[in-house]
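Residue numbers (the working numbering): 111 to 623. Using N, Cα and C, we set each Cβ at its ideal position, and we do this for glycine too.
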Ligand code: KIV
Ligand code: ZN
């Protein structure tokens, strides 16, 4: 058995299934490029058959990514598999990941199929997929709650049909580490041709044990692929978190004895990019990537770390990509310095026009903020208004008045398609007044379900504010993110970004629907 652990990232597929985390094609491509810099082995780019938008995103990623294998999910039917193969055509290395539920509950209540029908469908789907691609992964959905005899029969057959990777999902996050590890070990022992496939684990975090279960799947069960997401993003309580599982295997190499291809210095940039793109804020005490993960507040700890770092630190902050906040550019920096910094941060703009638009925004920001940090640059290139993606709503101007004893009032100008509108409103506060003014014209009818503000760089009131707005409408949930030194302006940008997402009707079939 090999000692290489394959890291399969599903931020862009399972992660994106979290309500509100849906991403545009350009956002997904930007994240895929960062995942390639992180050197993940496999990028699950989406579920090509679920919507035209997802098809285009998988295709764009397949066309651009050269170093990681690009994968598309597909249900176990010919149409989905053909769509996945079509989207992946341009990839240097590609994989089709096909799945069908095998637990009694899912087969009976969700699929309304007999076990025999599921068995046959899995067999035929893999046979069909194998004619289109050499690299096929198969997942028995809700595998951990499936009946072992039946599961072994299905797995033996799909391996015979040519599957290269068998992925066992704990779809509902029900497993506990020891039992999950033994479950994987038993399957590998009982399936006669198990050595012909790489075994993989895919754990959800409903009981907070996704990382522990995945590691047990590796240590006890002998799995050699872990499916995970940046920041543990994913449906409900999320998936196994990439940064935690990778740093556990690296830091405790003495125990796991496994090698990884990951460039860990790209972990924090990846975490920031995913959080800034989706608006899913990382909790400060989150392992590895939380703002406090390497902060020592108590005097005793600080003293210890100053005397010898390893008294209280088991990993080095710089090894996971934490750089001390660095002032990188300022008002006098020119276009070349800006372009070079983008390159150093690994940010590739799609075109010269995008670079020019980003530089114009940088100049605008530098006029209002004396010190520009890497985080500011990442936020400004993530801003939809500097990418070529078509925006329906755009903020043009915002003015607001507020003070003690005065009812706040806002005047907002924004573009809606090719038209320009000027609106004004009172509100409980300046943010409320601004969003109400926009709603007076847009009349989206959307419900605001989340509003949060964070400082992009810590330690100073000069930081830009980053606002996340989550809107719910007609069964859809979308997040909008906006940043600006003025948090009222950031709020209006975030609100319009969320309205843009609602406007681009990109309905999709759910993977686990
Ligand atoms: O959780 C799950 O079962 C999945 C499968 C589609 C692999 O995401
Ligand atoms: Zn999943």
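Query: The region 250 to 257 contacting the region 281 to 292, beta-carbon criterion three pairs below 8 Å; Result: yes
Query: Spatial distance of residue 372 from residue 153 (CA atoms); Result: 13 Å
Query: The region 333 to 353 / the region 123 to 141 touching (three or more Cβ pairs under 8 Å); Result: yes
Query: Residue of 301, 379, 388, 416 minimising C-alpha distance to residue 399; Result: 379
Query: Which residues DSSP lists as bridging residue 248, in chain order; Result: 208, 276
Query: Which of helix, strand or coil DSSP assigns to residue 491; Result: helix
Query: Assigned secondary structure, residue 391 (DSSP; H/G/I helix, E/B strand, else coil); Result: coil
Query: Span of the alpha helix (DSSP H) around residue 192; Result: 188 to 198
Query: Neighbour-count burial assignment, residue 365, 16 or more Cβ in a 10 Å radius; Result: exposed
Query: C-alpha distance - residue 362 paired with residue 554, whole-angstrom precision; Result: 51 Å
Query: Segment contact flag, the region 326 to 334 with the region 292 to 305, C-beta cutoff 8 Å, min 3 pairs; Result: yes
Query: Residue(s) in a DSSP beta bridge with residue 130; Result: 588
Query: Environment of residue 199 [buried if 16+ CB atoms lie within 10 Å]; Result: exposed
Query: Spatial neighbours of residue 560 in its chain, beta-carbon cut-off 6 Å, leaving aside the 5 residues before and after; Result: 580
Query: Cutoff 7 Å: residue 213 Cβ touching any chain D Cβ; Result: Checking the listed chains, one finds no chain D in this structure; it contains a single protein chain.
Query: Option nearest residue 508 by Cα separation, candidates 443, 601, 381; Result: 601
Query: Between the CA atoms of residue 267 and residue 214 - distance to the nearest angstrom; Result: 19 Å
Query: Alpha carbon of residue 228 to alpha carbon of residue 387, nearest angstrom; Result: 38 Å
Query: Helix, strand or coil at residue 125 according to DSSP, with G and I counted as helix; Result: helix
Query: Contact between the region 161 to 178 and the region 125 to 135 (3+ Cβ pairs under 8 Å); Result: yes
Query: Buried versus exposed, by CB contacts within 10 Å (16 or more), residue 314; Result: buried
Query: Within 7 Å, strictly: CB atoms of residue 583 and residue 556; Result: yes
Query: For residue 338, the residue or residues it bridges with in DSSP; Result: 119
Query: Alpha helix (DSSP H) runs contained entirely in the region 357 to 437, provided each spans 4 or more residues; Result: 363 to 366, 377 to 388, 409 to 417
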